[in-house]
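Each residue of the sequence shown is one higher than the one before, starting from 220 at the first, in this note's numbering.
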Amino acid sequence: MLVLGIETSCDDTGVALYDSREGLLAHRLYSQLVHVEYGGIVPELASRDHIRKLLPLIDTVIKAAEIEPENIDGIAYTAGPGLAGALLVGASLARSLAWAWGIPALGVHHMEGHLLSPMLELDRPEFPFLALLVSGGHTLLADVRRLGEYGILGQSVDDAVGEAFDKTAKLLGLGYPGGPAIAQLAETGVADRFTFPRPMLDRPGLDFSFSGLKTAVATEVAAQADDVQTRADIARAFQEAAVDTLVRKCKRALEQTGHKQLVIAGGVSANQLLRARLADMVGALGARTYFPRQEFCTDNGAMIAYAGTLRMMAGQKDEGTGFAAHPRWSLEALPSVV
Ligand code: KG4
Ligand code: ZN
Numbered sequence: 220m221l222v223l224g225i226e227t228s229c230d231d232t233g234v235a236l237y238d239s240r241e242g243l244l245a246h247r248l249y250s251q252l253v254h255v256e257y258g259g260i261v262p263e264l265a266s267r268d269h270i271r272k273l274l275p276l277i278d279t280v281i282k283a284a285e286i287e288p289e290n291i292d293g294i295a296y297t298a299g300p301g302l303a304g305a306l307l308v309g310a311s312l313a314r315s316l317a318w319a320w321g322i323p324a325l326g327v328h329h330m331e332g333h334l335l336s337p338m339l340e341l342d343r344p345e346f347p348f349l350a351l352l353v354s355g356g357h358t359l360l361a362d363v364r365r366l367g368e369y370g371i372l373g374q375s376v377d378d379a380v381g382e383a384f385d386k387t388a389k390l391l392g393l394g395y396p397g398g399p400a401i402a403q404l405a406e407t408g409v410a411d412r413f414t415f416p417r418p419m420l421d422r423p424g425l426d427f428s429f430s431g432l433k434t435a436v437a438t439e440v441a442a443q444a445d446d447v448q449t450r451a452d453i454a455r456a457f458q459e460a461a462v463d464t465l466v467r468k469c470k471r472a473l474e475q476t477g478h479k480q481l482v483i484a485g486g487v488s489a490n491q492l493l494r495a496r497l498a499d500m501v502g503a504l505g506a507r508t509y510f511p512r513q514e515f516c517t518d519n520g521a522m523i524a525y526a527g528t529l530r531m532m533a534g535q536k537d538e539g540t541g542f543a544a545h546p547r548w549s550l551e552a553l554p555s556v557v
């Protein structure tokens, strides 16, 4: 089955073609630049840029895969969670194209796309496994029993970890997105000059909280961040606290569930310190880690094409002619695939 995948939940327009026998045929990503001067995403500008870029990108991917539109068997698009306007651009185009081509369409959950993204690699996990999903909007630990059967073991009670990276970057005068900028600045930081809190580690359970960490950084910045070295030292201490918190919660979750495979996905899984520390911890427990390749950590069309292929092969498709976007949508609400 050949599936066109469309991702427009936030500020990246992603398109890919996935074939159930041949694997990923082609994929392209357009990362919007219009938000840089505002220091964060402006939803209306995101929607307008998706409108401008989506069709040309679909064209490019079809040409790159050297297929004809009539070879496509289905269209998968991100139906949520995300920005309502941005989601509606992808949903309306996907449903219109599918209608015109006489093929099924299916709305896919963005976080399920992230969760399955390590399965695009040759060395891939097998169900069941534990998943840590870390993005700009989510921080959650999921017990992945099978495709579509996800139990949320813990999640952030306030800011997502990616959001904490972005807000801290802003406090330090760095650009958007903050994650890569913090990681880069932290390289020149001195270890242990600052120590920031690791929220909720002293309590049982698997929930996270990152707003206190951001506040601690804000206090330090206000007190003394006028030189470059101090800012680098703060970036280093922030990254250390965020990574340490995630690693310790993953250890707790692995011990509680007995899972021997840990999948880490979402934008923050691109963080090198997080990848290294998780691999060490998981190795010491005799378990294994699985990450997406670097370019599929952040938003992309390949993960949506892949998740859509698995579900459409099981016969799932959108019914009727109406369509909806789900800006808020729990992973636990998804139908399972037997
Ligand atoms: O998955 P994603 O592309 O979009 C959402 O679904 O939210 O994640 C974006 C988030 C941003 O907060 C960004 O700062 C963070 O991922 N990020 C990183 C790194 N690369 C991206 N955070 C830490 N280290 C990185 N290298
Ligand atoms: Zn994402």
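Built from N, CA and C at the ideal position, the CB exists for glycine as well.
One or two residues paired with S250 in a DSSP bridge: Paired residues: D231.
Residues bridged to S375 (per DSSP): F427
First through last residue of the alpha helix (DSSP H) which encompasses F457: That run of the alpha helix (DSSP H) goes V447 to T476.
Cα-Cα separation between A265 and A503, rounded to whole angstroms: 43 Å
Classification of Y525 by the beta-carbon crowding that lies within 10 angstroms, buried from 16 upward: buried
The ligand KG4 heavy atom lying under 6 Å from the CB of S336: no
Rounded C-alpha distance that separates A313 from A324: 7 Å
DSSP beta-bridge partners of Q480: R507
Residues that E368 bridges to, as DSSP identifies them: R365
Sheet register partners of Y257 (DSSP bridge): Beta-bridge pairing links Y257 to no other residue.
D452: CB within 6 Å of a non-hydrogen atom of the ligand KG4: no
Beta-carbon proximity list for M220, same chain, < 8 Å, skipping 5 on both sides: D238, S239, D292, G293, T528, M531 and M532
Cβ-heavy atom distance, S549 to the ligand ZN, below 6 Å: Checking the Cβ of S549 against the ligand ZN gives no.
Residue range of the beta strand (DSSP E) that includes I281: Unbroken run through I281 is the alpha helix (DSSP H), P262 to A283; no beta strand (DSSP E).
Test item: CB-CB of S228 and L306 under 7 Å: yes
Residues with C-beta closer than 5 Å to any heavy atom of the ligand ZN, in chain order: S354 and D518
Inter-residue spacing [alpha-carbon to alpha-carbon] between D446 and D452: 10 Å
Touching by the beta-carbon criterion (3+ pairs, under 8 Å), the region 479-492 and the region 429-441: In this structure the region 479-492 does not touch the region 429-441; the number of beta carbon pairs closer than 8 Å is below three.
Residues sharing a beta bridge with G299, DSSP: H328
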